[in-house]
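Chemist: Residue numbers for the sequence shown, in mature numbering (1 follows the signal peptide of the UniProt record, and there is no 0): -22 to -1, 1 to 200. All residues carry an ideal CB built from backbone N, CA and C; glycine is no exception. Model, not experiment: these values are computed from the prediction.
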Amino acid sequence: MKKTASLIAIATGFSLMGVAIATAEKISDVTESRSHGDFERIVIDDAGVGLDVKIGDSYAVTLNGSEEWAKKITTQVKNNALIIGYEGKKKKKNFKFDSDYRITITMPKFTGLDVNGAVDAHISDVDSDDLGFEVNGAANIEIDGRCGTLTVELDGAGNFSGEDLKCEAVTVEINGAGNAEVYGSKSATLDINGIGNIDLYGNPATVKKDKSLFSNITIHNK
């Protein structure tokens, strides 16, 4: 029941963010490459995108979607981060989210994702000492690989599926409505101030946890 309530809250979060799920027939699908480099983090800034991140030897940023959508997506690199935005003064109310319209990114090193909008993200083969995720919107994030230290903060509505991300130390804080699955082999600090669920894997020796009334923390012995 608690998990169902969380999922309902997350779905509501997408609606409240003004994210329109585009169901109209797509016209003039295009593939567009953007030339960017020298970034380790990704920032979603007032945009709604589908995101596929892969680890590789070089940088590549490719947009796959309608021509109109691609024209409105902005990309720039600043302070070691690739910032993805949506053109227009009323971005939060105007952008459309369609998980079939996606941005594929290849990068040598990935250290985290900040979301100030909406994202459906699939991140694979990560190998990093430190990873950080901060969601101030609506997000569905799936990730696999390994890391030393993982920090996840969900302040909006989100799902973080990180059971296959094998980390040593994990910190998770949920302040909105969210669900998180994480793996920590040595230590975990888990805190839920809103409505949510945390599933912890890895059987760490040290676990610190704190939760609100309408939340649940489950520690799996594997």
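Comparing C-alpha positions only, which one of Leu143, Asp108, Phe138, Ala183 sits nearest to Gly174?
Modeler: For this step, residue 174 is matched to residue 196 along the sequence shown. Taking only the C-alpha atoms, the option nearest Gly174 is Phe138.
Chemist: What did DSSP end up calling Glu65 once you bin it into helix, strand or coil?
Modeler: For the purposes of this step, residue 65 is identified with residue 87 of the sequence shown, where counting begins at 1. Three-state result, Glu65: coil.
Chemist: Is Phe(-9) helix, strand or coil when you go by DSSP?
Modeler: The residue given as residue -9 occupies position 14 in the sequence shown. Summary for Phe(-9): the model assigns pLDDT 48, below 50, so the residue's position carries little reliability, and this model does not support an answer.
Chemist: Look up Lys187 in the DSSP assignment and say whether it is helix, strand or coil.
Modeler: Along the sequence shown, read from residue 1 onward, the residue named residue 187 stands at position 209. Three-state result, Lys187: strand.
Chemist: Just tell me which of Ala117, Val21, Phe192, Thr9 has its CA closest to the CA of Thr89.
Modeler: Locating residue 89 in the sequence shown gives position 111, counting from the first residue. The shortest Cα separation from Thr89 among Ala117, Val21, Phe192, Thr9 belongs to Val21.
Chemist: Establish whether the CB of Val31 and some CB of chain C are separated by less than 9 Å.
Modeler: Annotation note: the requested chain C is absent from the structure, which comprises a single protein chain.
Chemist: Please list, in chain order, all residues of the same chain as Asn94 whose beta carbon is under 8 Å from its beta carbon, the five residues on each side excluded.
Modeler: In the sequence shown, the residue the question calls residue 94 occupies position 116. Answer for Asn94: Val21, Ile22, Asp23, Asp24, Asn114, Gly115, listed in chain order.
Chemist: Output the residue ranges of the alpha helix (DSSP H) runs that lie fully inside the region 81 to 156 and measure 4 residues or longer, sorted by chain position.
Modeler: DSSP runs (the alpha helix (DSSP H)) wholly in the region 81 to 156: none.
Chemist: Would you identify the three-state DSSP class for Glu18, choosing helix, strand or coil?
Modeler: The count along the sequence shown starts at 1 and reaches residue 18 at position 40. In this structure, Glu18 counts as coil in the three-state DSSP scheme.
Chemist: Is Lys49 helix, strand or coil by DSSP?
Modeler: In the sequence shown, residue 49 corresponds to position 71, counting from 1. It is helical.
Chemist: With DSSP as the reference, please indicate the residues paired to Tyr161 in a beta bridge.
Modeler: Against the sequence shown, residue 161 aligns to sequence position 183. Tyr161 pairs with Lys144, Tyr179.
Chemist: Taking buried to mean at least 16 other C-beta atoms within 10 Å of its own C-beta, is Val8 buried or exposed?
Modeler: Your numbering for residue 8 matches position 30 in the sequence shown. Answer is exposed; the Cβ neighbour count stays below 16.
Chemist: Is Glu151 buried or exposed, if buried means 16 or more other CB atoms sit within 10 Å of its CB?
Modeler: Taking the first residue of the sequence shown as position 1, residue 151 is located at position 173. The residue in question, Glu151, is buried, as its Cβ has 16 or more Cβ neighbours within 10 Å.
Chemist: Leaving out five residues on either side along the sequence, give the residues of the same chain with a beta carbon under 6 Å from the beta carbon of Val148.
Modeler: As a first step, residue 148 is located in the sequence shown; it is residue number 170 there, counting from the start. The residues are Leu128, Val160, Gly162, Ala166.
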